[in-house]
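Report on the following structure.
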Amino acid sequence: MWRAIASNALTLFIVVLVALAVGLGWARMAFEAPGPLAQAICLRVDRGDRIGEVSARLEAAGAVSHPWLFRVGADYTGKSGDLRFGSYLVPPGSSMEAILGIITRGGQSTCGSEINLRIGVVAAETVVRTLDPVAGAYVEAMRFEAGAPAPEGYGAIRAEDGVRLRVTLAEGVTSWQVVEGLKAADFLAGEVAAVPPEGSLAPDSYEVPEGTERAAVVQMMADRQARIIAELWANRAEGLPYATPEEALIMASIVEKETGLAAERPMVAGVFVNRMRAGMPLQTDPTIIYGITRGDMSQRREIRQSDKEGATEARLHGKVEYNTYVINGLPPGPIANPGRASLEAALNPATTDAIFFVADGTGGHLFAATLEEHNRNVAAWRKIEAERAKGAQTQP
Numbered sequence: 177m178w179r180a181i182a183s184n185a186l187t188l189f190i191v192v193l194v195a196l197a198v199g200l201g202w203a204r205m206a207f208e209a210p211g212p213l214a215q216a217i218c219l220r221v222d223r224g225d226r227i228g229e230v231s232a233r234l235e236a237a238g239a240v241s242h243p244w245l246f247r248v249g250a251d252y253t254g255k256s257g258d259l260r261f262g263s264y265l266v267p268p269g270s271s272m273e274a275i276l277g278i279i280t281r282g283g284q285s286t287c288g289s290e291i292n293l294r295i296g297v298v299a300a301e302t303v304v305r306t307l308d309p310v311a312g313a314y315v316e317a318m319r320f321e322a323g324a325p326a327p328e329g330y331g332a333i334r335a336e337d338g339v340r341l342r343v344t345l346a347e348g349v350t351s352w353q354v355v356e357g358l359k360a361a362d363f364l365a366g367e368v369a370a371v372p373p374e375g376s377l378a379p380d381s382y383e384v385p386e387g388t389e390r391a392a393v394v395q396m397m398a399d400r401q402a403r404i405i406a407e408l409w410a411n412r413a414e415g416l417p418y419a420t421p422e423e424a425l426i427m428a429s430i431v432e433k434e435t436g437l438a439a440e441r442p443m444v445a446g447v448f449v450n451r452m453r454a455g456m457p458l459q460t461d462p463t464i465i466y467g468i469t470r471g472d473m474s475q476r477r478e479i480r481q482s483d484k485e486g487a488t489e490a491r492l493h494g495k496v497e498y499n500t501y502v503i504n505g506l507p508p509g510p511i512a513n514p515g516r517a518s519l520e521a522a523l524n525p526a527t528t529d530a531i532f533f534v535a536d537g538t539g540g541h542l543f544a545a546t547l548e549e550h551n552r553n554v555a556a557w558r559k560i561e562a563e564r565a566k567g568a569q570t571q572p
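Its first residue numbered 177, the sequence shown is counted upward by one per residue in the numbering used here.
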């Protein structure tokens, strides 16, 4: 009898072990297998969330079929206490193992909202975007002039955990514009003691943590520009008419302000290099503007003939050093913060015989090697200007 009982108990024990092994095998397979999520979602993990709250959120979103197994897996792998707050993109078909890795790995949020202070050559504005997880692309939610009252709903987005904060500089902004723009960023702290040297800041997009000092952001921009200039100077073309990286920076800033077309920048730089080699004045209007404003774009106005002759600038500043219609060669400093493409153009200009260029009416320019050809191009541009003026007058 006891032998039969012992035999039955052993059989039962073996059955339990087999069932447990099968169950563990199924659980492991289910934990690692592709999940039921049909479309990508943004999963929010708030500060103080526990693994149970997150698993319930995942079940409601259709990302997991067995929330209890997600919790058990998190406990078993020792990650249940490693949740990182933020918004995370969960791709379709993600396994529970993959989802757990996404929300415990840390680092930047991969989903949710982004607030971007864009400092442009015309104005600064705040642009708020949210990620559409299905499309995998950001969708603009609102935009408003930097420093103006924010639209309804901005405060809620601003208060989100994990919202990404960014400052973006357009190519060709002045250092004064950068400092003025940074003042409007409600996610930055501190002040900038002085306007940085013109040309010293790299136009780019910078992600910054909440509460970053404005001076630290400026230093970040300056460090990046210094690295770019050093890299490109080391790979410059031979025989350029400027002897230092600082002179190349001046040329790049002029090229930046003369054309918005990246493909034209080497050609524009080539024209200016030819003029310098020939001892001709550069005769570029953006330097006149800078001589008047010194980067403070609130002082900008239309150029007058007297400005080109030097009278107005002499009256305002007692010198004509930025008047490239009067002086030969480069002005004493940059007139804006050039981007990498303009720096590359200045240090590797196009090989051309052109020494003139004028607008072509499409946003680009017509280049000419002779004055006769240039005069024809100018006449064509004057005709376009006249037609546009006539069209504007006939508009209701």
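Just so it is clear, CB atoms sit at the ideal spot from N, CA and C, and this is done for glycine as well.
Exercise. Between Gly277 and Glu208, what straight-line distance do the alpha-carbon atoms span, to the nearest angstrom?
Worked result: As a working note, residue 277 is residue 101 in the sequence shown. As a working note, residue 208 is residue 32 in the sequence shown. Computed Cα separation, rounded: 12 Å.
Exercise. What are the boundary residues of the beta strand (DSSP E) that Tyr382 is part of?
Worked result: In the sequence shown, the residue the question calls residue 382 occupies position 206. Counting along the chain, the beta strand (DSSP E) containing Tyr382 begins and ends at Ser381 to Glu383.
Problem set entry | Start-to-end residues for the beta strand (DSSP E) that takes in Asp308 | In the sequence shown, counting from the first residue as 1, residue 308 sits at position 132. Here the beta strand (DSSP E) through Asp308 covers Ala300 to Asp308.
For this session: Starting from Val266, follow its DSSP beta bridges and name the residues at the other end.
Result: Locating residue 266 in the sequence shown gives position 90, where the first residue counts as 1. According to DSSP, which records beta bridges pairwise, Val266 is partnered with Ile217.
Exercise. Between Ile531, Asn411, Ile503 and Leu377, which lies nearest to Ala402 when the distance is taken from Cα to Cα?
Worked result: Translated into positions along the sequence shown, residue 402 becomes position 226. Looking at the Cα atoms, Leu377 is the closest of the given residues.
For this session: Identify whether Asn513 lies in helix, strand or coil by the three-state DSSP scheme.
Result: As a position in the sequence shown, residue 513 is number 337, starting the count at 1. In this structure, Asn513 counts as coil in the three-state DSSP scheme.
For this session: Following the continuous beta strand (DSSP E) through Ser231, name the residue where it begins and the one where it ends.
Result: On the sequence shown, residue 231 is found 55 positions in, with the first residue counted as 1. Counting along the chain, Ser231 falls outside any beta strand (DSSP E), though it belongs to the alpha helix (DSSP H) covering Ile227 to Ala236.
Exercise. Got a sec, what are the start and stop residues for the beta strand (DSSP E) Glu356 sits in?
Worked result: Here the question's residue 356 lines up with position 180 in the sequence shown. Careful: Glu356 lies outside any beta strand (DSSP E), inside the alpha helix (DSSP H) at Ser351 to Lys359.
For this session: Out of Glu235, Asp362, Asp225 and Val297, state which residue places its alpha-carbon closest to the alpha-carbon of Ala324.
Result: In the sequence shown, counting from the first residue as 1, residue 324 sits at position 148. Checked all of Glu235, Asp362, Asp225 and Val297; the closest Cα to Ala324 is Asp362.
Problem set entry | Contained alpha helix (DSSP H) runs [length at least 4] in the stretch 392 to 479, N- to C-terminal order | You should have 421 to 434, 441 to 453 and 461 to 469.
Problem set entry | Cut-off 7 Å between Cβ atoms - residues of its own chain near Glu432, not counting five sequence neighbours on either side | Indexing the sequence shown from 1 puts residue 432 at position 256. Glu347, Gly348, Ala512, Pro514, Gly515 and Ser518.
Exercise. What is the DSSP secondary structure of Leu377, reduced to helix, strand or coil?
Worked result: For this step, residue 377 is matched to residue 201 along the sequence shown. When DSSP states are grouped into helix, strand and coil, Leu377 belongs to the coil group.
Exercise. Does the beta-carbon distance from Val354 to Ile279 come in below 8 Å?
Worked result: Counting from 1 along the sequence shown, the entry for residue 354 is found at position 178. Counting from 1 along the sequence shown, the entry for residue 279 is found at position 103. For Val354 and Ile279, no; Cβs fall outside 8 Å.
Problem set entry | Option in Thr538, Thr546, Ala545 and Glu548 with minimal Cα separation from Trp557 | In the sequence shown, the residue the question calls residue 557 occupies position 381. Taking Trp557 as reference, the option from Thr538, Thr546, Ala545 and Glu548 with the minimal CA-CA separation is Thr538.
Problem set entry | Distance between Leu345 and Pro462 (C-alpha atoms, nearest Å) | Your numbering for residue 462 matches position 286 in the sequence shown. Your numbering for residue 345 matches position 169 in the sequence shown. Those two C-alpha atoms are separated by around 19 Å.
For this session: Using 10 angstroms around the beta-carbon of Thr420, count the other beta-carbons present and answer buried if the total reaches 16, otherwise exposed.
Result: Here residue 420 refers to the residue found at position 244 of the sequence shown. The Cβ neighbour count for Thr420, taken over all protein chains shown within 10 Å, is under 16; the residue is labelled exposed.
Exercise. So, helix, strand or coil for Val339, using DSSP?
Worked result: By 1-based counting over the sequence shown, the position of residue 339 is 163. Val339 falls in the coil class under three-state DSSP.
Exercise. Closer than 7 Å: is that where the CB of Thr469 sits relative to any heavy atom of the ligand ZN?
Worked result: Questions concerning the ligand ZN fall outside what the structure shown contains, since it holds no ligand whatsoever.
For this session: Kindly identify the DSSP beta-bridge partner or partners of Met318.
Result: Against the sequence shown, residue 318 aligns to sequence position 142. Partner(s): Val304.
For this session: Tell me where the alpha helix (DSSP H) around Leu332 begins and ends.
Result: For the purposes of this step, residue 332 is identified with residue 156 of the sequence shown, where counting begins at 1. Note that residue 332 corresponds to Ala in the displayed sequence, not to Leu. DSSP places Ala332 in the uninterrupted alpha helix (DSSP H) bounded by Tyr330 to Arg334.
Exercise. Exposed or buried, Met205, counting other C-beta atoms within 10 Å across all chains shown (16 or more means buried)?
Worked result: By 1-based counting over the sequence shown, the position of residue 205 is 29. Classification of Met205: exposed, given that the 10 Å Cβ count is below 16.
Exercise. What three-state label does DSSP hand Glu389 in the structure shown?
Worked result: Position 213 of the sequence shown holds residue 389. Correct three-state label for Glu389: strand.
Exercise. Are the beta-carbon atoms of Gly338 and Gly262 separated by less than 8 Å?
Worked result: Within the sequence shown, the letter at position 162 stands for residue 338. Within the sequence shown, the letter at position 86 stands for residue 262. Between Gly338 and Gly262, the C-beta gap is smaller than 8 Å, which places the two residues in contact.
For this session: My understanding is that Gln459 touches Tyr501, with C-beta atoms under 8 Å, so please give their C-beta distance in whole angstroms.
Result: Numbered from 1 along the sequence shown, position 283 holds the residue referred to as residue 459. Numbered from 1 along the sequence shown, position 325 holds the residue referred to as residue 501. At roughly 5 Å, the Cβ-Cβ gap stays under 8 Å, so Gln459 and Tyr501 are in contact.
Exercise. Of all the options Pro379, Arg477 and Glu316, which has the alpha carbon lying nearest to the alpha carbon of Thr306?
Worked result: For the purposes of this step, residue 306 is identified with residue 130 of the sequence shown, where counting begins at 1. Cα-wise, what sits closest to Thr306 is Glu316.
Exercise. Using DSSP with H/G/I as helix, E/B as strand and the rest coil, what is Ala535?
Worked result: Numbered from 1 along the sequence shown, position 359 holds the residue referred to as residue 535. In the structure shown, Ala535 sits in a strand (DSSP, three-state: E or B).
Exercise. Rounded to a whole number of angstroms, what is the C-alpha to C-alpha distance between Pro267 and Lys255?
Worked result: Along the sequence shown, one-based indexing puts residue 267 at 91. Along the sequence shown, one-based indexing puts residue 255 at 79. Rounded to the nearest angstrom, the gap between the Cα atoms of Pro267 and Lys255 is 20 Å.
Exercise. Who pairs with Glu290 in a beta bridge, going by DSSP?
Worked result: Within the sequence shown, residue 290 is the residue found at index 114, counting from 1. Per DSSP, the beta-bridge partners of Glu290 are Arg305 and Arg340.
Problem set entry | Classification of Gly211 by the beta-carbon crowding that lies within 10 angstroms, buried from 16 upward | Stepping through the sequence shown from its first residue, residue 211 is reached at position 35. Classified as buried, Gly211 has 16 or more neighbouring CB atoms from the shown chains inside 10 Å of its CB.
Exercise. Should Gly331 and Ala365 be called a contact, given that it needs their Cβ atoms to be closer than 8 Å?
Worked result: Reading the sequence shown from its first residue, position 155 is the one you call residue 331. Reading the sequence shown from its first residue, position 189 is the one you call residue 365. Contact: no.
Exercise. Among residues of its own chain, excluding the 5 on either side of Glu434, which ones have a beta-carbon nearer than 7 Å to its beta-carbon?
Worked result: Taking the first residue of the sequence shown as 1, we reach residue 434 at position 258. For Glu434, the CB contacts under 7 Å within the same chain, skipping 5 residues up- and downstream, are Val444, Thr460 and Pro462 in chain order.
For this session: List the residues that DSSP assigns as beta-bridge partners of His541.
Result: The residue labelled residue 541 in the question sits at position 365 within the sequence shown. Answer is Ala535.
Exercise. With burial defined as no fewer than 16 other Cβ atoms inside 10 Å of the residue's Cβ, what is the status of Asn292: buried or exposed?
Worked result: Position 116 of the sequence shown, counting from 1, holds the residue named residue 292. Answer is buried; the Cβ neighbour count reaches 16.
Exercise. Ordered along the chain, which non-local residues of its own chain (more than five positions away) have a Cβ less than 7 Å from that of Ala326?
Worked result: To locate residue 326, count along the sequence shown from 1; it is residue 150. The residues Phe320, in chain order, have a CB closer than 7 Å to that of Ala326 in the same chain once the five nearest residues on each side in sequence are set aside.
Problem set entry | Proximity of His541 and Glu440 at Cβ, strictly below 8 Å | Taking the first residue of the sequence shown as 1, we reach residue 541 at position 365. Taking the first residue of the sequence shown as 1, we reach residue 440 at position 264. Going by C-beta atoms, His541 is nearer than 8 Å to Glu440.
Problem set entry | Assumed close pair Glu383, Arg342 - CB separation to whole angstroms, cut-off 8 Å | Start at 1 with the first residue of the sequence shown, and residue 383 comes out as number 207. Start at 1 with the first residue of the sequence shown, and residue 342 comes out as number 166. That pair is a contact at about 5 Å.
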